[in-house]
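Visitor:
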Amino acid sequence: MLAYFNGAYLPLQEISISPEDRGFLFADGVYDVIRVYNGHPYRLDDHLARLSYCASQLRLAPSDFSFLADVVRRLLAENGLSGAASIYLHITRGRAPRQHAFPQPPPPLTIYASARSLDETPLRRKQERGIVAITLADNRWGRCDIKTTALVANVLANQQAADHGADEAIFIRDGALLEGSHTNIMAVADGEVRTAPLDNSILPGITRQAVMELCRELAIPVRETPVFQHEIAKLSELMALSTTLEVTPVTSLDGKPVADGRPGAVCRRLGDALRQDIERLCR
Ligand code: PDD
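Just so you know, we're using the working numbering here: the sequence shown kicks off at 6 and counts up by one.
(1) Is the closest heavy atom of ligand 1 to the C-beta of Val137 under 8 Å?
(2) In chain order, what residues place their C-beta within less than 5 Å of a heavy atom belonging to ligand 1?
(3) Using a threshold of 9 Å, state whether the C-beta atoms of Cys59 and Val38 are closer than that.
(4) Suppose contacts are defined by Cβ-Cβ distances below 9 Å. Is Asp143 in contact with Phe176 by that definition?
(5) Please classify Leu114 as buried or exposed, where buried requires at least 16 neighbouring CB atoms within 10 angstroms.
(6) Find the nearest neighbour of Phe70 within the set Thr97, His187 and Met217, judged by alpha-carbon distance.
(7) From Arg40 to Ile237, what distance separates their C-alpha atoms?
(8) Could you pull out every residue in the same chain whose Cβ sits closer than 7 Å to the Cβ of Leu49, ignoring the five residues on either side in sequence?
(9) Starting from Glu184, follow the beta strand (DSSP E) in both directions and report where the run begins and ends.
(10) From Pro16 to Glu25, what distance separates their C-alpha atoms?
(11) What are the boundary residues of the alpha helix (DSSP H) that includes Ala162?
(12) Taking 9 Å as the threshold (C-beta atoms), are Arg267 and Thr256 in contact?
(13) Run the proximity test for Ala106: is its beta-carbon closer than 8 Å to any non-hydrogen atom belonging to ligand 3?
(14) Kindly indicate the opening and closing residues of the alpha helix (DSSP H) around His52.
(15) Which residues in the same chain as Thr200 place their Cβ atom closer than 7 Å to its Cβ, once the five residues preceding and following it in sequence are excluded?
(16) Give the secondary structure of Phe29 by DSSP, where H, G and I count as helix, E and B as strand, and everything else as coil.
(17) Quick one: using the 10 Å Cβ neighbour count with 16 as the cut-off for buried, is Leu223 buried or exposed?
(18) In whole angstroms, what is the alpha-carbon distance linking Ser122 and Ala89?
(19) Tell me the DSSP secondary structure of Lys152 in three-state form.
(20) Taking the CB atoms as reference points, tell me whether Ala155 and Ser186 lie closer together than 9 Å.
(21) Let's see if you can read the secondary structure: which residues bound the alpha helix (DSSP H) around Leu286?
(22) Can you give me the Cβ contacts of Leu246 inside the same chain, cut-off strictly under 8 Å, excluding the 5 residues immediately before and after it?
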């Protein structure tokens with residue numbers, strides 16, 4: 006596999022990163038994950054705009070990463086990826102002797118990108134059957150709107166889910182279901198789709214945004230409003246959304262079925278609509 010590293014295209018095994026890289030020392034960096042369908046990245050510009058926003062929030066300079074669009078296309082071509090694939094982008098503040106404050110003068114950023122092919126079968130199975138989730142208290146920092154590589158709280162949460170035989174862990178703060186360890190969350194209650202509002206406590210997911218647009222197109226009522234823990238029993242559907250999971254029903258939460266424990270109609274409709282949007286944009 007050929008990957009991109011600081012301006013060069015190299016076999017993955019030839020890439021080495023300094024132990025003084027601030028990504029290694031401090032998780033001082035940002036990342037993004039993009040899905041590729043039929044060889045075409047889905048909503049690439051949206052992902053790169055978010056990456057640039059996140060980099061600006063970390064005061065990385067430069068923080069405009071729109072040039073990575075060409076890198077992504079070249080990686081797909083170099084690796085002969087013409088079907089289902091995923092792209093990983095990772096940028097850190099670069100290499101410097103360890104000190105907390107930004108190094109002066111600023112070293113060049115470390116920029117890494119890779120692409121690999123993807124087997125879609127496990128996802129389709131999850132979408133057919135639904136996934137299992139647990140809830141847990143949100144112990145992450147106060148800027149969850151930034152997609153930083155500092156993911157240890159998400160790692161521990163997802164492992165806690167795995168320890169309980171579950172696929173996802175949903176963070177709860179002040180009684181509200183915010184998002185999963187690697188997904189946004191939507192619920193259906195009283196005939197409307199609800200999802201946590203955008204603020205510092207969740208990632209502005211590209212899939213969440215796409216699905217909200219699709220709800221409006223399909224005239225499905227959608228509202229950015231908290232979904233509270235005490236409302237779980239009355240939810241008719243719950244779903245996880247992300248680049249890698251698309252729209253996937255959550256059919257069991259904390260050991261209890263969500264509604265009748267089967268994937269719901271709204272989730273299926275939104276999943277189909279997203280697939281159509283993908284087909285339209287990634288022909
Ligand atoms: N995760 N919330 C969190 C905490 C996430 O890590 C992600 C994505 C999302 C969904 O965002 P999007 O729709 O833009 O993928 C929400 C990626 C896929 C990951 O870390 O692998």
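Think of the CB as a built atom: it goes at the ideal place given N, C-alpha and C, for glycine as much as any other residue.
Guide: This is what the structure gives:
(1) Not so, every heavy atom of ligand 1 lies at least 8 Å from the Cβ.
(2) Taken from the N-terminal end onward, the list reads Val38, Glu184, His187, Asn189, Leu208, Gly210, Ile211, Thr212, Ser247, Thr248 and Thr249.
(3) Taking a C-beta distance under 9 Å as the contact criterion, Cys59 and Val38 do not qualify as a contact pair.
(4) Yes, the Cβ-Cβ distance between Asp143 and Phe176 is below 9 Å.
(5) In this structure Leu114 is buried. Its beta-carbon is surrounded by 16 or more other beta-carbon atoms within 10 angstroms.
(6) Considering only alpha carbons, the answer is Thr97.
(7) Their backbone Cα atoms lie some 31 Å apart in a straight line.
(8) Ile39, Ala74 and Val77, listed in sequence order.
(9) Following the DSSP letters along the chain, one finds Glu184 inside the beta strand (DSSP E) bounded by residues Ala181 to Gly185.
(10) Going from the Cα of Pro16 to the Cα of Glu25 covers about 22 Å.
(11) Note, Ala162: alpha helix (DSSP H), Val157 to Asp168.
(12) Arg267 sits close to Thr256, with the two beta carbons spaced by under 9 Å.
(13) Ligand 3 is absent from the structure shown, which contains only ligand 1.
(14) First-last of the alpha helix (DSSP H) with His52: Leu49 to Gln62.
(15) Within the same chain, Cβ atoms closer than 7 Å to the Cβ of Thr200 are found at Asn189, Ile190, Met191, Arg213 and Glu229, the five residues on either side in sequence being excluded.
(16) The three-state reading of DSSP puts Phe29 in helix, counting H, G and I together.
(17) By the 10 Å Cβ count, Leu223 comes out exposed.
(18) Taking C-alpha positions only, Ser122 is separated from Ala89 by approximately 6 Å.
(19) Correct three-state label for Lys152: coil.
(20) No, these two residues do not count as a Cβ contact at 9 Å.
(21) Taken as a continuous stretch (DSSP letters only), the alpha helix (DSSP H) holding Leu286 covers Ala270 to Leu286.
(22) Excluding five sequence positions before and after Leu246, the CB atoms of its chain that fall closer than 8 Å to its own CB belong to Thr188, Asn189, Ile190, Met191, Gly210, Thr212, Arg213, Val216, Val252 and Thr253, given in chain order.
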